[in-house]
Amino acid sequence: MSMVCSTVIIGIGSPHGDDQFGWVVIDELATMDSGDAILRKINNPVDLIPELETYNRVILVDASIGLPRNEPFLKLMYMDAKDHKLIREMPGRSTHDIGLYLTLRMAESLGKRTDHVILWIGHGVSFDKMSEMSEATVIAASDCAIAIAKELCDARNVAC
Amino acid sequence: MTEARKITVNALTRVEGEGALHVRVSGDQVESVRLSIYEPPRFFEAFLRGRAIEEVPDITARICGICPVAYQMTSVHAIEKALDISISPGVRQLRRLLYCGEWIESHVLHIFMLNAPDFFDCHSGIELAERFPDQVNTGLRMKKIGNGLLELLGGRAIHPVNVRVGGFYRLPSSDELAQQLPELRWALDAAITSANWIAGFDFPEFSIDCELVALQHSSEYPMNEGVIASTRCPSIVVDDYEKHFGELHVEHSTALHSVRRDGDTPYFLGPLARLQLNHHRLTPLAKQLFREICPPLPLRNRFHSIIARIIEVVHALEEAIAIIEAYLPPSEPFTAYQSKASCGCAATEAPRGLIYHHYEIDDEGLVVSSKIVPPTSQNQLQIESDLREYLPRLLKESEDTIAAECEKLIRNYDPCISCSTHFLTLNLERR
Numbered sequence: 000m001s002m003v004c005s006t007v008i009i010g011i012g013s014p015h016g017d018d019q020f021g022w023v024v025i026d027e028l029a030t031m032d033s034g035d036a037i038l039r040k041i042n043n044p045v046d047l048i049p050e051l052e053t054y055n056r057v058i059l060v061d062a063s064i065g066l067p068r069n070e071p072f073l074k075l076m077y078m079d080a081k082d083h084k085l086i087r088e089m090p091g092r093s094t095h096d097i098g099l100y101l102t103l104r105m106a107e108s109l110g111k112r113t114d115h116v117i118l119w120i121g122h123g124v125s126f127d128k129m130s131e132m133s134e135a136t137v138i139a140a141s142d143c144a145i146a147i148a149k150e151l152c153d154a155r156n157v158a159c
Numbered sequence: 000m001t002e003a004r005k006i007t008v009n010a011l012t013r014v015e016g017e018g019a020l021h022v023r024v025s026g027d028q029v030e031s032v033r034l035s036i037y038e039p040p041r042f043f044e045a046f047l048r049g050r051a052i053e054e055v056p057d058i059t060a061r062i063c064g065i066c067p068v069a070y071q072m073t074s075v076h077a078i079e080k081a082l083d084i085s086i087s088p089g090v091r092q093l094r095r096l097l098y099c100g101e102w103i104e105s106h107v108l109h110i111f112m113l114n115a116p117d118f119f120d121c122h123s124g125i126e127l128a129e130r131f132p133d134q135v136n137t138g139l140r141m142k143k144i145g146n147g148l149l150e151l152l153g154g155r156a157i158h159p160v161n162v163r164v165g166g167f168y169r170l171p172s173s174d175e176l177a178q179q180l181p182e183l184r185w186a187l188d189a190a191i192t193s194a195n196w197i198a199g200f201d202f203p204e205f206s207i208d209c210e211l212v213a214l215q216h217s218s219e220y221p222m223n224e225g226v227i228a229s230t231r232c233p234s235i236v237v238d239d240y241e242k243h244f245g246e247l248h249v250e251h252s253t254a255l256h257s258v259r260r261d262g263d264t265p266y267f268l269g270p271l272a273r274l275q276l277n278h279h280r281l282t283p284l285a286k287q288l289f290r291e292i293c294p295p296l297p298l299r300n301r302f303h304s305i306i307a308r309i310i311e312v313v314h315a316l317e318e319a320i321a322i323i324e325a326y327l328p329p330s331e332p333f334t335a336y337q338s339k340a341s342c343g344c345a346a347t348e349a350p351r352g353l354i355y356h357h358y359e360i361d362d363e364g365l366v367v368s369s370k371i372v373p374p375t376s377q378n379q380l381q382i383e384s385d386l387r388e389y390l391p392r393l394l395k396e397s398e399d400t401i402a403a404e405c406e407k408l409i410r411n412y413d414p415c416i417s418c419s420t421h422f423l424t425l426n427l428e429r430r
């Protein structure tokens, strides 16, 4: 599969409460100038594995419980040792027990690169079935989208 | 002297959703097996009340992130039945194509990520990926191809929005569909290769008789319509479903347990049942594969479900290719209709088994009541019954082993527990 010089932003989520964070960030980004970045929504993390070899930069947006209360969202570099530890220890739950960290580990087992993966993780509180996102998480999603768009804008002149 | 022991497994892993399993054992006798699951479709039945029928397909698609098409398809068919809406042959084919996409992506996920690890004592898909990277990579690529069909026909990859009562909002062009063909053809070859790999697995022996139930159609492998066929009882029309199949409230679960009304007996849905009752309707390559790798009928060993699943993947790919190759865009994307006070029901085949919907509509086109019976809650009593038969052979094993083996058995049913449960904890009480 040939790699293209581009960025994909993948929102991972479900319709349940704050788990919509990743999808809402993608919706917000769709209304902004996010350059040539491809926007995707998925509900099963394993669907991101085929994208790892397709794009030069892979930005994943997901929600997690257990982030520090004063951090509505975090940017984490998968290959950064300190961030990696945090990602590994995040209490992630996902469909079929295949969470984000396990998915990225599986990708590595399959020989896929992960050095270009950046995660934006939103602080989630309630994941009740079909519930609304909490007000704080809605605001966090909007702020997260602005932060991602700003980074994309700042990086636009950087050759990929 | 009674000694009670309790084993707790934090989660039934590699299934969709969560639940709890309670087992009570006295000596070498299994006294009770209770699978506790909690069932959001009941919430949706209330949620749909008073909503316009046009909203129903999009709402029901959100019941499940794994098989949204099944919920969506069953709801539109039921409403179309109520309103006497006939869809065009072209739209019907596109709906089958959409269902093919869901079968491919759902079955492939289950085969390569969830179920296959059990046959190699791998604790996760990661371990399987380390041992069989080529097969797992193949599975992921096939899943992406299924997702592609869902995205094209459903309008987006998650919770499709392009299906409407009477047809679709937008029809795909011939070119858009034709672009899928190279990958679908690759996937067909890959699925046949995968099937031969799977056929070589070491399958535990667990063959017990039960009633298999699936749709049956006079000219095609069942997806969207047919009569409800059984290995024990005469076929019935879908309109009579509620006369023959009922639901019991049980204390340990918020999910209703589906039973045969005449004897409160369980029944078994899903790929094994479909294949047993419909193998003669498979597409040519799938039929050839069935002859080559399928164990002799009757299909009773629950661990052979993975074989049925991969044969159905081959069928779905073959049918998808045939539909696209023959595609001529229908003249209209949907059939216009007028609402009226009425009732209608439908059953379709979700990847994990027959799903039934019933709607009562008022003369303003609002939902008065609905009934949604997902496959996992229909299989629930059969799963409990099978566990009761399966457990005695395990009772001398360690409690960790018992828990792990119960998980393996349950995974054969591909329970979509998020449609019906949250978190499985195993409590084993020995007396």
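So the sequences go chain by chain: A and B. Using numbering that gives the first Met the number 0, the first residue of the first sequence is number 0, and each one after it goes up by one. Using numbering that gives the first Met the number 0, the first residue of the second sequence is number 0, and each one after it goes up by one. Glycine included, each C-beta is placed from N, C-alpha and C at the ideal position. Since this is a predicted model, take the numbers as computed values, not measurements.
Residue i at chain C interface by Cβ criterion, 8 Å
i, result
"residue 301 (chain B)", "Of the protein chains in this structure, namely A and B, none is chain C."
Secondary structure of residue i, DSSP reduced to three states
i, result
"residue 261 (chain B)", "coil"
"residue 393 (chain B)", "helix"
"residue 343 (chain B)", "strand"
"residue 371 (chain B)", "strand"
"residue 327 (chain B)", "coil"
"residue 333 (chain B)", "strand"
"residue 62 (chain B)", "coil"
"residue 51 (chain B)", "strand"
"residue 166 (chain B)", "strand"
"residue 255 (chain B)", "strand"
"residue 384 (chain B)", "helix"
Limits of the alpha helix (DSSP H) - the one that residue i falls within
i, result
"residue 57 (chain B)", "55-59"
"residue 104 (chain A)", "99-108"
"residue 23 (chain B)", "Not the alpha helix (DSSP H): residue 23 (chain B) falls in the beta strand (DSSP E), residues 19-25."
"residue 227 (chain B)", "Element bounds for residue 227 (chain B): not the alpha helix (DSSP H) but the beta strand (DSSP E), 226-229."
"residue 234 (chain A)", "Since the first residue of chain A shown is 0 and the last is 159, residue 234 (chain A) is not available in this structure."
"residue 289 (chain B)", "283-292"
"residue 85 (chain A)", "80-88"
"residue 70 (chain B)", "67-81"
"residue 142 (chain A)", "134-153"
"residue 406 (chain B)", "398-410"
"residue 174 (chain B)", "173-177"
"residue 463 (chain B)", "Limits of chain B in this structure are 0 at one end and 430 at the other, which puts residue 463 (chain B) out of reach."
"residue 67 (chain A)", "First-last for residue 67 (chain A): undefined, no H or E at that position."
"residue 463 (chain B)", "Outside the displayed range of chain B (0 to 430) lies residue 463 (chain B), so it cannot be described from this structure."
"residue 156 (chain B)", "First-last for residue 156 (chain B): undefined, no H or E at that position."
DSSP bridge partner residues for residue i (one or two, in chain order)
i, result
"residue 119 (chain A)", "A:60, A:74"
"residue 37 (chain A)", "A:7"
"residue 348 (chain B)", "B:353"
"residue 213 (chain B)", "B:228"
"residue 121 (chain B)", "In DSSP, residue 121 (chain B) forms no bridge with anything."
"residue 235 (chain B)", "B:227"
Residue i - containing beta strand (DSSP E), residue span
i, result
"residue 34 (chain B)", "28-35"
"residue 310 (chain B)", "Taken as a continuous stretch (DSSP letters only), residue 310 (chain B) belongs to no beta strand (DSSP E), being part of the alpha helix (DSSP H) at 304-324."
"residue 131 (chain B)", "Neither: residue 131 (chain B) is in no beta strand (DSSP E) and is coded neither H nor E."
"residue 359 (chain B)", "352-360"
"residue 20 (chain A)", "Where residue 20 (chain A) is concerned, there is no enclosing beta strand (DSSP E), although the alpha helix (DSSP H) it sits in stretches over 20-29."
"residue 246 (chain B)", "244-249"
Sequence-distant residues of its chain with Cβ nearer than 6 Å to residue i (five each side left out)
i, result
"residue 300 (chain B)", "205, 206"
"residue 392 (chain B)", "none"
"residue 1 (chain A)", "Caution applies to residue 1 (chain A), whose pLDDT of 47 falls short of 50 and renders its modelled position unreliable; the value that the coordinates give is listed next. Excluding residues within five positions, none has a Cβ falling inside 6 Å."
"residue 49 (chain B)", "365"
"residue 308 (chain B)", "106, 110, 270"
"residue 144 (chain A)", "24, 27, 28"
"residue 121 (chain B)", "127"
"residue 45 (chain A)", "97, 102"
"residue 158 (chain A)", "Note that residue 158 (chain A) has pLDDT 44, beneath the 50 cutoff, so the model's placement of it is unreliable and the number below is only indicative. Result list for residue 158 (chain A): empty, nothing under 6 Å."
Beta-carbon proximity list for residue i, same chain, < 7 Å, skipping 5 on both sides
i, result
"residue 225 (chain B)", "214, 215, 216"
"residue 30 (chain B)", "23, 24"
"residue 223 (chain B)", "72, 76, 94, 95, 98, 347"
Own chain residues within Cβ distance below 8 Å of residue i, not counting five before or after
i, result
"residue 138 (chain A)", "71"
"residue 320 (chain B)", "180, 183, 184, 187"
"residue 396 (chain B)", "404"
Quick one, which residues of the segment 102-113 of chain A are near chain B if we go by CB-CB under 8 Å, in chain order? Cβ contacts with chain B come from 104, 105, 108, 109, 110.
Give, in chain order, every residue of the segment 31-47 of chain A whose Cβ lies closer than 9 Å to some Cβ of chain B. 39, 40, 41, 42, 43, 45, 46
Please name the residues in the segment 65-96 of chain B whose beta-carbon is closer than 8 Å to at least one beta-carbon of chain A, in chain order. 65
Taking any Cβ of chain A, which residues in the segment 133-151 of chain B have a Cβ under 8 Å from it, in chain order? Per Cβ criterion, the list reads 135, 136, 139, 140, 142, 143, 146.
Short of 7 Å Cβ to Cβ, which residues in the segment 10-22 of chain A face chain B? 13, 14
Looking at chain A, which residues of the segment 105-123 of chain B have a Cβ within less than 8 Å of any of its Cβ atoms? 108, 112, 113, 123
For the segment 49-66 of chain A, enumerate the residues whose C-beta is nearer than 8 Å to any C-beta of chain B, in chain order. So the list reads 49, given in the order they occur along the chain.
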